[in-house]
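Heads up: the sequence shown begins at 1 in this note's numbering, then just goes up one per residue.
Note sheet for the following structure.
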Amino acid sequence: MKTFIAFFFPALLIYFFITHKPKPSTGELLAESLHDEKYLSFDSIAFDSVFSAELKELSAKYVNIHKLKAYYTSTGNQPILINKYLSNNGIDTLLSYLKTSGDHGFNPNIFHTYDIEELINKLRKNDFSSVKDSYPTISRLEILSADALVRYTSYLKYGAINPKEIFSRYFIDVKRPDSFFIPSLLNAVNIVDTLSSLQGKSAQYKALQEKYLNSKNDSIKKVLLINMERLRWVLPDVGKQFIQVNIPDFRLVFFDGKDTLTAMKVCVGGPKDLDYDAQYKVFEKTGDIKDRPENRETPMLFSNIKKLYTNPVWNIPESIAQTEVYTMIRRSSNYLKRKNIAVYYKNKKIENPSTIRWYKYDRSNFPFLFVQQPSSDNSLGRLKFIFPNSSSVYLHDTNFKQGFKLKNRAISHGCIRVENPLKLAELLVVDTAKYDSIRKELRLKPIRNYAGQPVSRFKAGQIPQKDLAPVRFSPKAETPILVTYFTAWSENNKIEYRPDIYKLDEKLWAAMKKYRL
């Protein structure tokens with residue numbers, strides 16, 4: 001027992017000493033880094049005053065620096081980065097990454113690169129007659145390095161631009177730096193690991209970046225930079241199976257991990273009027289429906305497909321009723337019957353709409369609801385896929401199949417028309433019996449006969465049928481859907497490019513101006 005105690009207590013004291021060894025002071029760290037014992041007289045109280053003054057001055061010059069104030073107040077205005085990274089050259093690693101930020105399309109000057117390099121050299125030259133003379137240099141180097149690290153990390157990890165601030169129809173909740181971002185970043189143990197991890201972007205990002213670095217064409221480089229910024233936005237987790245619609249590509253892809261379950265053409269919303277903003281200002285003044293400009297652009301969004309309907313009805317939106325429907329019923333008394341459109345007034349169906357004297361009603365104060373009934377002529381076709389969103393957008397079949405032959409398929413009112421809705425329904429419900437129930441509602445033969453043997457498939461016919469009614473079906477699982485806007489991406493080892501149909505590239509390029517090369 002005595003032998004055990006004689007061994008145990010000395011070991012415990014050594015462990016306690018090692019684990020509770022006081023951290024070296026700023027003066028001790030500077031003395032070691034700069035090989036000068038005069039820094040042992042470093043006065044934290046005097047430095048605090050100088051640091052506060054430098055922070056105030058730099059905040060006036062660089063607006064974003066004020067975000068650092070709370071952090072440094074909590075640390076007693078100590079030069080945290082210099083203490084940790086001056087002696088081990090971590091500060092030089094930071095400078096190296098800042099100098100090559102052009103590889104990501106950023107202008108190195110926005111990260112104070114020249115000033116930081118000059119301050120590092122000045123500090124290491126150590127031409128100060130006294131310790132207090134070094135305080136302004138240490139303070140400025142600390143603040144500018146911290147700001148550069150925060151901005152560089154934020155831009156690469158989350159993107160320099162918040163898309164929701166510049167695009168009125170961007171409804172995807174992208175991740176942005178939160179209140180813990182600055183403390184966790186500046187308190188990191190290893191700056192080299194932090195900076196290195198930022199370079200390991202996705203395969204898509206690396207492909208665009210490689211093309212950007214090797215391209216001599218300014219127009220191509222511009223498109224690549226714009227889409228590299230889009231790839232930096234942190235989108236919601238879509239899981240293994242999800243659907244992506246890329247608006248400029250007019251294509252829907254159903255992914256299962258890295259595999260593609262199906263891909264098909266889509267038609268998306270038409271572009272808004274070129275002078276939309278100016279026209280809308282006029283409309284706000286006059287309130288006249290004739291002055292209201294058209295904006296049919298399909299929004300960017302993230303949601304989950306929760307249900308699908310066979311033989312859907314189409315509740316015609318007010319904007320379409322006031323323009324297209326109003327015009328057509330004034331021209332032709334047979335229009336509503338020909339299009340199988342029912343008319344409702346105060347939630348009551350009007351049995352004989354031909355008795356309505358349409359000319360009495362102004363289009364801006366149209367009191368009727370128009371509902372197109374299920375049929376092969378319904379604008380939504382025979383299938384409709386629903387996912388919650390604030391824009392009342394959904395996927396649907398169409399009675400205008402010729403639209404899929406067009407090169408520019410930005411022709412809808414905002415919803416997304418799919419080329420092969422039956423295939424999409426089959427993949428969503430998974431279950432063969434449920435899929436056969438869908439086919440039954442569409443008056444199509446089942447996939448399997450009663451003996452359970454496969455039956456040959458055939459194309460969905462457009463057969464008019466009386467007494468068709470909407471029937472709701474649920475997918476096997478709520479399937480995420482992501483509606484995006486990319487004008488350049490990597491596919492089959494080459495970069496694909498698409499026209500900027502909504503002029504969103506130009507808007508993003510303008511917003512990136514103060515950050516880019």
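Glycine included, C-beta positions come from ideal geometry on N, C-alpha and C.
Please read all numbers here as calculations on a predicted model, not as lab measurements.
Query - Residue closest to THR479, alpha-carbon to alpha-carbon, out of SER376, TRP489, ILE305 - result: Minimum Cα distance to THR479 is reached at ILE305.
Query raised in the report: From ASP173, PRO317, THR487, pick the residue whose C-alpha is nearest to that of LYS503; which is it?
Result: The shortest Cα separation from LYS503 among ASP173, PRO317, THR487 belongs to THR487.
Requested in this report: Measure the C-alpha to C-alpha separation of ALA469 and LYS285 and round it to an integer number of angstroms.
Outcome: So the alpha carbons of these two residues sit roughly 44 Å apart.
**Report entry** From GLN402, LEU86, TYR155, residue whose alpha carbon lies closest to that of PRO177
**Finding:** Comparing Cα-Cα distances from PRO177 to each of GLN402, LEU86, TYR155, the minimum goes to TYR155.
Query raised in the report: Does the Cβ-Cβ distance between TYR485 and ILE226 come in under 8 Å?
Result: Contact flag unset, no.
Query raised in the report: Sorted by chain position, which residues of the same chain lie with C-beta nearer than 6 Å to LYS159's C-beta, five sequence neighbours on each side aside?
Result: One detail in the question is off: residue 159 reads as Gly in this sequence, not Lys. Excluding positions up to five away in sequence, the list reads GLU229, ARG232, TRP233.
Query raised in the report: What three-state label does DSSP hand ALA477 in the structure shown?
Result: Assignment of ALA477 by DSSP, reduced to helix, strand and coil, places it in the coil class.
**Report entry** Helix, strand or coil at ASN246 according to DSSP, with G and I counted as helix
**Finding:** ASN246 sits in a strand when the DSSP states are folded into three classes.
Report task. Determine the closest residue to TYR345 out of LEU336, PHE368, MET328, with distance taken between C-alpha atoms. Result -> In terms of CA proximity to TYR345, PHE368 leads the group LEU336, PHE368, MET328.
Query raised in the report: Should SER49 go down as buried or exposed, given a rule of 16 or more other Cβ atoms within 10 Å for buried?
Result: It is exposed - the Cβ of SER49 has fewer than 16 other Cβ atoms within 10 Å.
Report task. Whole angstroms is fine: what's the gap from PHE370's alpha carbon to TYR276's? Result -> Rounded to the nearest angstrom, the two C-alpha atoms are 27 Å apart.
Requested in this report: Count the C-beta pairs between the region 182 to 197 and the region 143 to 154 that are closer than 8 Å, then say yes if the count reaches three, no if not.
Outcome: As far as the Cβ criterion goes, the region 182 to 197 touches the region 143 to 154, which means the pair count is three or higher.
**Report entry** Whole-angstrom distance between ASP467 and SER456, CA atom to CA atom
**Finding:** Only weak support is given to the placement of SER456: the predicted model assigns it a pLDDT of 47, under 50, and the value that follows is read from those uncertain coordinates. Rounded to whole angstroms, SER456 to ASP467 spans 27 Å at the Cα level.
**Report entry** Cβ contact (3+ pairs, closer than 8 Å) linking the region 405 to 418 and the region 429 to 442
**Finding:** Flag = no, the region 405 to 418 and the region 429 to 442 do not touch.
Query raised in the report: Would the beta-carbon of TYR309 fall within 8 Å of that of LYS401?
Result: Not closer than 8 Å, so no.
Query raised in the report: Where are the alpha helix (DSSP H) runs, 4 residues long or more, that stay fully inside the region 173 to 253, in chain order?
Result: List check, alpha helix (DSSP H) in window: 181 to 186, 191 to 199, 203 to 214, 218 to 232.
Query raised in the report: Using the rule of at least 16 other Cβ atoms within 10 Å of the residue's Cβ for burial, across every protein chain shown, is PHE180 buried or exposed?
Result: Exposed.
Requested in this report: Could you round the C-beta distance between PHE111 and ALA148 to whole angstroms and report it? I think they count as a contact, below 8 Å.
Outcome: The C-beta distance from PHE111 to ALA148 rounds to 4 Å, short enough to meet the 8 Å contact threshold.
Requested in this report: Please list, in chain order, all residues of the same chain as PRO295 whose beta carbon is under 7 Å from its beta carbon, the five residues on each side excluded.
Outcome: Looking at the sequence shown, residue 295 is not Pro but Asn. Taken in chain order, the residues that qualify are LYS272, TYR276.
Query raised in the report: For VAL325, which of helix, strand or coil comes out of DSSP?
Result: In the three-state DSSP reduction, VAL325 falls in the helix class (H, G or I).
Query raised in the report: CB-CB under 8 Å to ILE18, same chain, minus the five flanking residues each way: which ones, in chain order?
Result: Any reading at ILE18 is ruled out, since the residue's pLDDT is 46, under 50, leaving its predicted position unreliable.
Query raised in the report: If you compare alpha carbons, which of LYS38, ILE316, SER59, CYS415 is closest to PHE128?
Result: Ranking the options by Cα distance to PHE128, first place goes to LYS38.
Requested in this report: Express the C-alpha separation of ARG382 and ILE481 in angstroms, rounding to a whole number.
Outcome: Taking the Cα positions, ILE481 is about 20 Å away from ARG382.
Query raised in the report: Taking GLU118 as the reference, which of ILE91, ASN107, GLU32 has the closest Cα?
Result: Of the candidates ILE91, ASN107, GLU32, ILE91 places its Cα closest to the Cα of GLU118.
Query raised in the report: In the DSSP assignment, what residue or residues form a beta bridge with ASN315?
Result: Partner(s): VAL371.
Query raised in the report: What are the start and end residues of the beta strand (DSSP E) that includes GLY269?
Result: Counted as a single uninterrupted DSSP element, the beta strand (DSSP E) harbouring GLY269 occupies residues 259 to 269.
Requested in this report: Could you please give the first and the last residue of the uninterrupted alpha helix (DSSP H) stretch that includes GLU54?
Outcome: 44 to 61 is the span of the alpha helix (DSSP H), which, as asked, contains GLU54.
**Report entry** Cross-strand partners of TRP489 (DSSP beta bridge)
**Finding:** Bridge partners of TRP489: GLU496.
Query raised in the report: Are three or more beta carbon pairs between the region 129 to 142 and the region 78 to 98 nearer than 8 Å?
Result: Taking one beta carbon from each stretch, the region 129 to 142 and the region 78 to 98 have 3 or more pairs nearer than 8 Å; the two touch.
Requested in this report: Identify every run of the alpha helix (DSSP H) within the region 328 to 364, keeping only runs that are complete inside it and at least 4 residues long; order them along the chain.
Outcome: 335 to 338, all fully within the region 328 to 364.
Report task. Within its chain, find whatever has a CB closer than 6 Å to the CB of PHE164; leave out the 5 residues flanking it on each side and keep chain order. Result -> It should be pointed out that residue 164 corresponds to Lys in this sequence rather than to Phe. Excluding residues within five positions, the ones whose Cβ falls inside 6 Å are TYR170.
**Report entry** Start-to-end residues for the beta strand (DSSP E) that takes in TYR309
**Finding:** For TYR309, the enclosing beta strand (DSSP E) starts and ends at 307 to 310.
Query - Local Cβ density within 10 Å of ILE45, reported as buried at 16 or more and exposed below that - result: Result: exposed.
Report task. Between the Cα of SER333 and those of TRP358, LYS122, SER391, spot the shortest distance and give me the residue it belongs to. Result -> Looking at the Cα atoms, TRP358 is the closest of the given residues.
**Report entry** Where the beta strand (DSSP E) through LEU383 begins and ends
**Finding:** Residues 383 to 386.
Query raised in the report: For ALA425, does the count of other Cβ atoms within 10 angstroms reach 16, so buried, or fall short, so exposed?
Result: Flag for ALA425 reads buried.
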